[in-house]
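Undergrad: Converting from the sequence shown to the numbering used here requires adding 37 to each position, the first position being numbered 1.
Ideal placement from N, C-alpha and C gives every residue a C-beta, glycine not left out.
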Amino acid sequence: MSRLTTAGLVAVLAFLTGFAIWAARTTASSADAVRRSSDLSSIYDETRRAVAAEDSWVTEYLLRLGPESVYLDARKLRRGHAAAARSLVGTLRSARREDAGGTALNLLLLKRHSAYVEAAERLFDAVDAGRPGLALAIKFDEIQPRFSRIEEGVERLAVAHRREGSEHLDDLNGSQQLVLRATPIAFGAGLLLLIGFFLLLRNLQRRLETAREEEIERLGRAALTDNLTGLRNHRAFQEDVARELLRAGRTGTALSLVVLDLDDLKQVNDALGHQAGDEQLKALADAALSTVRGSDAAYRLGGDEFALVLPGEQAWAALRAVQRLQATLEAAGCPNSRPTCTAGIAQSDGLVARDTLLRRADLALLEAKRSHRQTLIYSDELAPRVLEPDRVASEHHTKTLATALARAVDAKDSYTRSHCETVSELCALIACELGLDDDRAARLRLAGLLHDVGKIGIPDAVLQKPASLTDEEFELMKTHVTLGHSIVSGAELDQEAEWILHHHERLDGRGYPDGLPADDLPLESRIILVADAFEAITTDRPYREARSESQALAELEEHAGSQFDPDCVAALRRALHGSSSPAVEQLMAAR
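So this is what it looks like as structure tokens:
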């Protein structure tokens, strides 16, 4: 009996040993396969980064069309693009050597990349030749589609290898389950050995399941996250914008897109090193994260370009969010530099395609860069101004001087930071709702920017007084409209000067400086008055705290017909709360 028991134990131990060897070999084989898949996935991740880097050089080269062209060395940009292209080709060839199954697709990607590089060279030549229309056509008609196909091909290979790694993990788990089912049958006589082995396998199972879940979660996060800033990346941005546009279309709510550009990143990298540039990128990312709320999201699209997606928000609310972000960024600073950013804003009510919305935000950003504005909201008159820079060079010069004057006025009073720029954007929104043509809207935007330029001649003690003004001080304050008229008309902006002169007139004739009746009061002056009053009510002042937008609108409506034009007040409400504008009604009828 003892011999039988011993023989049985020996048989059990022998079987256990053989079974353990088989399980170990199976585990090792599966682990090797998982590691190989992980290595290939890393190669394709590097390929994806190389694709993004190459495209960022193309985007930076386009900036040579703007006023920053004097800072951008074409040869250095081309060398950077060529280095990124070589890096991409190198990673694709490395992947082809390691990935026999993906050889055909790798060869196709290399072929597509050659066509992409050829198109990029033609774009560079178009930019150097001063042909922005051709350059943008190549960008959107050739380079962008090819970039998307290359990006999709690389992503397909990366996903395939992540799936392969998951399958190997499943195989490993299946082998383990087989061991668990076979163990009770094989080791019925060796209960203690069975229990010990079972506990060992359970522990191994938990570790493998935990490792698999962590790996899947890590790969998912890595695929949608920018490594430097921790923000969601360009791929996540494309997916999220498409999803939010569909949701906005179903619910009839607004969606605002903000494209941000970190100013002078290249100069910081050249002067202070890439570590300083990285610090500025992180500072902008932190400011963006501190700004977004609820369902809002922040992204780094690549290079110095960031984005905010603000579901349910009008362009006005997006402008306020950008101003908070810029203030946070300015307050944070960096050890050796003070970062700033420029923003372009576009609004959709779910009736435009993703690429159209992004293009509008990009156009607003380019115009803001050209005119040295911190933020600009897209409107239809911007498109020809951006796409035909030679025709409007003098207008950009005028806008640049106007922006400098407006900031000089705002700088006299810490409580009116960005007041003139905000009033300018509100004027543009009201003009759009009232159906003004593009030229009048552009002139009104400029007049809104310069409406308080006459305050340069008002003493600081009066401007910053924390209490009510005396009669004498108020009479002095009222002279800012005539002084502003003199300054602006001296710049040969006679029409804008006339609007500025009368932007404190009232419909009941009790305004200043001339007490004009309603019939003689220009519509543009009425618009500026409404925008100026709304911005003042919703901003902190030395003698009172800011009131909410709803309270400000209620106060404007209370005085509509006597002080404010009712049509302008109603247009402002529609612009801020998404009621149907003429443009939206026309588009809905077409659908």
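Per DSSP, which residues does Val295 bridge with? Please list them.
TA: For this step, residue 295 is matched to residue 258 along the sequence shown. According to DSSP, Val295 bridges with Leu345, Ile382.
Undergrad: Where does Gly55 fall in DSSP's three states?
TA: Residue 55 sits at position 18 when you count from the first residue of the sequence shown. Helix at Gly55.
Undergrad: Give the C-beta separation of Leu672 and Val191 to the nearest angstrom, bearing in mind that I take them to be a contact with Cβ-Cβ under 8 Å.
TA: Nothing in the structure corresponds to residue 672, since the chain is present only between 38 and 628.
Undergrad: By a C-beta neighbour count over all protein chains shown, 10 Å radius and 16 as the cutoff for buried, is Lys406 buried or exposed?
TA: Residue 406 sits at position 369 when you count from the first residue of the sequence shown. Label assigned to Lys406: buried.
Undergrad: Quick check: the Cα distance between His522 and His456, rounded to an integer number of angstroms?
TA: The sequence position of residue 522 within the sequence shown is 485, counting from 1. The sequence position of residue 456 within the sequence shown is 419, counting from 1. Answer to the nearest angstrom: the Cα atoms are 19 Å apart.
Undergrad: Can you grab the Cα-Cα spacing for the pair His614 / Gly211, in whole Å?
TA: If you number the sequence shown from 1, residue 614 lands on position 577. If you number the sequence shown from 1, residue 211 lands on position 174. Taking the straight line from one Cα to the other gives about 57 Å.
Undergrad: Would you kindly check if the distance between the Cβ of Leu500 and the Cβ of Lys492 is under 8 Å?
TA: The residue you call residue 492 lines up with position 455 of the sequence shown. The residue you call residue 500 lines up with position 463 of the sequence shown. Going by C-beta atoms, Lys492 is nearer than 8 Å to Leu500.
Undergrad: Who are the Cβ neighbours of Asp263 in its own chain at under 6 Å, not counting the five residues just before and after it?
TA: For the purposes of this step, residue 263 is taken as residue 226 along the sequence shown, with counting starting at 1. So the qualifying residues of the chain are Asn270, Arg337.
Undergrad: Use the C-beta contact count for Leu237: other C-beta atoms within 10 angstroms, 16 or more gives buried, fewer gives exposed.
TA: Here residue 237 corresponds to residue number 200 of the sequence shown, with the count starting at 1. By the neighbour-count rule (16 or more Cβ atoms within 10 Å), Leu237 is not buried but exposed.
Undergrad: Considering only residues of the same chain and omitting the five flanking positions on each side of Arg428, which have a CB-CB separation below 7 Å?
TA: Your numbering for residue 428 matches position 391 in the sequence shown. Confidence at Arg428 is low in this model, with a pLDDT of 48, below 50, so the placement of that residue should be treated as unreliable; the coordinate-derived value is given next. Excluding positions up to five away in sequence, the list is empty.
Undergrad: Measure the CB-CB distance between Arg101 and Val154 and report whether it falls below 8 Å.
TA: Here residue 101 refers to the residue found at position 64 when the sequence shown is read from its first residue. Here residue 154 refers to the residue found at position 117 when the sequence shown is read from its first residue. No. Outside cutoff.
Undergrad: Have a look at Thr299 and Arg410 and give me their C-alpha separation to the nearest angstrom.
TA: Within the sequence shown, numbered from 1, the residue matching residue 299 stands at position 262. Within the sequence shown, numbered from 1, the residue matching residue 410 stands at position 373. Note that residue 299 corresponds to Leu in the displayed sequence, not to Thr. Their backbone Cα atoms lie some 13 Å apart in a straight line.
Undergrad: Could you tell me how far apart the beta carbons of Thr296 and Asp392 are, in whole angstroms, since I believe they sit closer than 8 Å?
TA: What you label residue 296 is simply residue 259 of the sequence shown in a count that begins at 1. What you label residue 392 is simply residue 355 of the sequence shown in a count that begins at 1. At residue 296 the sequence reads Val, which differs from the Thr that was named. Contact doesn't hold; Cβ gap of about 13 Å is too wide.
Undergrad: Please report the Cβ distance between Ala95 and Ile180, rounded to the nearest whole angstrom; I am assuming they are in contact, meaning their Cβ atoms lie under 8 Å.
TA: In the sequence shown, the residue the question calls residue 95 occupies position 58. In the sequence shown, the residue the question calls residue 180 occupies position 143. Note that residue 95 is Val in the sequence shown here, rather than Ala. Confirmed, about 6 Å.
Undergrad: So Arg199 and Leu256 are supposed to be a Cβ contact under 8 Å. How far apart are they, rounded?
TA: The residue labelled residue 199 in the question sits at position 162 within the sequence shown. The residue labelled residue 256 in the question sits at position 219 within the sequence shown. Correct: roughly 5 Å between the Cβ atoms.
Undergrad: Is it buried or exposed for Pro579, if we count other Cβ within 10 angstroms and need 16 for buried?
TA: Translated into the one-based positions of the sequence shown, residue 579 becomes position 542. Under this definition Pro579 is an exposed residue.
Undergrad: Going by other Cβ atoms of all chains shown within 10 Å of its Cβ, with 16 needed for buried, is Gly167 buried or exposed?
TA: Along the sequence shown, read from residue 1 onward, the residue named residue 167 stands at position 130. Exposed.
Undergrad: Following the continuous beta strand (DSSP E) through Thr519, name the residue where it begins and the one where it ends.
TA: The count along the sequence shown starts at 1 and reaches residue 519 at position 482. Here Thr519 belongs to no beta strand (DSSP E); instead the alpha helix (DSSP H) covers 517-527.
Undergrad: Give the straight-line distance between the Cα atoms of Leu520 and Val88, rounded to the nearest whole angstrom.
TA: Residue mapping note: residue 520 aligns to position 483 of the sequence shown, counting from 1. Residue mapping note: residue 88 aligns to position 51 of the sequence shown, counting from 1. The straight-line gap from Cα to Cα measures roughly 55 Å.
Undergrad: Along the chain, where does the beta strand (DSSP E) containing Ile414 start, and where does it finish?
TA: In the sequence shown, counting from the first residue as 1, residue 414 sits at position 377. Its beta strand (DSSP E) spans residues 412-414.
Undergrad: If we call anything under 8 Å between Cβ atoms a contact, is Val518 one with Ile537?
TA: Within the sequence shown, numbered from 1, the residue matching residue 518 stands at position 481. Within the sequence shown, numbered from 1, the residue matching residue 537 stands at position 500. Contact flag set, yes.
Undergrad: Within 8 Å of any Cβ in chain C, is that where the Cβ of Glu510 sits?
TA: Protein chain content of the structure displayed is limited to a single chain, and chain C is not contained in it.
Undergrad: Report yes or no: do three or more beta-carbon pairs, one from the region 592-607 and one from the region 554-567, lie closer than 8 Å?
TA: Touching, yes.
Undergrad: By the three-class DSSP mapping on this structure, what secondary structure does Arg269 have?
TA: Translated into positions along the sequence shown, residue 269 becomes position 232. In the structure shown, Arg269 sits in a strand (DSSP, three-state: E or B).
Undergrad: Quick one: is Lys176 buried, meaning 16 or more other Cβ sit within 10 Å of its Cβ, or exposed?
TA: For this step, residue 176 is matched to residue 139 along the sequence shown. Classification for Lys176: buried.
Undergrad: Drop a sphere of 10 angstroms on the beta-carbon of His540, count the other beta-carbons inside from all chains shown, and report buried for 16 or more, exposed for fewer.
TA: To locate residue 540, count along the sequence shown from 1; it is residue 503. Per the 10 Å Cβ criterion, buried.
Undergrad: Look at the alpha carbon of Ala120 and the alpha carbon of Lys113, and state the distance between them as a whole number of angstroms.
TA: Translated into positions along the sequence shown, residue 120 becomes position 83. Translated into positions along the sequence shown, residue 113 becomes position 76. Roughly 10 Å between the two C-alpha positions.
Undergrad: Rounded to whole angstroms, what is the Cα-Cα separation between Ala570 and Arg86?
TA: Working through the sequence shown from its first residue, we reach residue 570 at position 533. Working through the sequence shown from its first residue, we reach residue 86 at position 49. Their backbone Cα atoms lie some 48 Å apart in a straight line.
Undergrad: Taking DSSP as the reference, what is the three-state secondary structure of Tyr153?
TA: The count along the sequence shown starts at 1 and reaches residue 153 at position 116. The answer is helix: DSSP assigns Tyr153 an H, G or I state.
Undergrad: Taking C-alpha atoms, which residue in Arg272, His488, Gln588, Ala90 lies nearest to Arg123?
TA: As a first step, residue 123 must be located in the sequence shown, where it is residue number 86. Of Arg272, His488, Gln588, Ala90, the residue nearest in Cα terms is Ala90.
Undergrad: Less than 8 Å between C-beta atoms, sequence neighbours within five positions excluded: which residues of the same chain meet that for Glu246?
TA: The count along the sequence shown starts at 1 and reaches residue 246 at position 209. Excluding residues within five positions, the ones whose Cβ falls inside 8 Å are Asn210.
Undergrad: DSSP state of Arg611, grouped into three classes?
TA: As a first step, residue 611 is located in the sequence shown; it is residue number 574 there, counting from the start. Arg611 falls in the helix class under three-state DSSP.
Undergrad: What first and last residue would you give for the beta strand (DSSP E) that runs through Ala583?
TA: Here residue 583 corresponds to residue number 546 of the sequence shown, with the count starting at 1. No beta strand (DSSP E) holds Ala583; DSSP gives it neither H nor E.
Undergrad: Assign Tyr549 to one of three DSSP states: helix, strand, or coil.
TA: One-based indexing of the sequence shown puts residue 549 at position 512. Coil.
Undergrad: Return yes when at least one heavy atom of the ligand ADP lies under 7 Å from the C-beta of Gly548, else no.
TA: The ligand ADP is absent from the structure shown, which contains no ligand whatsoever.
Undergrad: Does Thr262 come out as helix, strand or coil in the three-state DSSP assignment?
TA: For this step, residue 262 is matched to residue 225 along the sequence shown. Looking at Thr262 - three-state DSSP - the assignment turns out to be strand.
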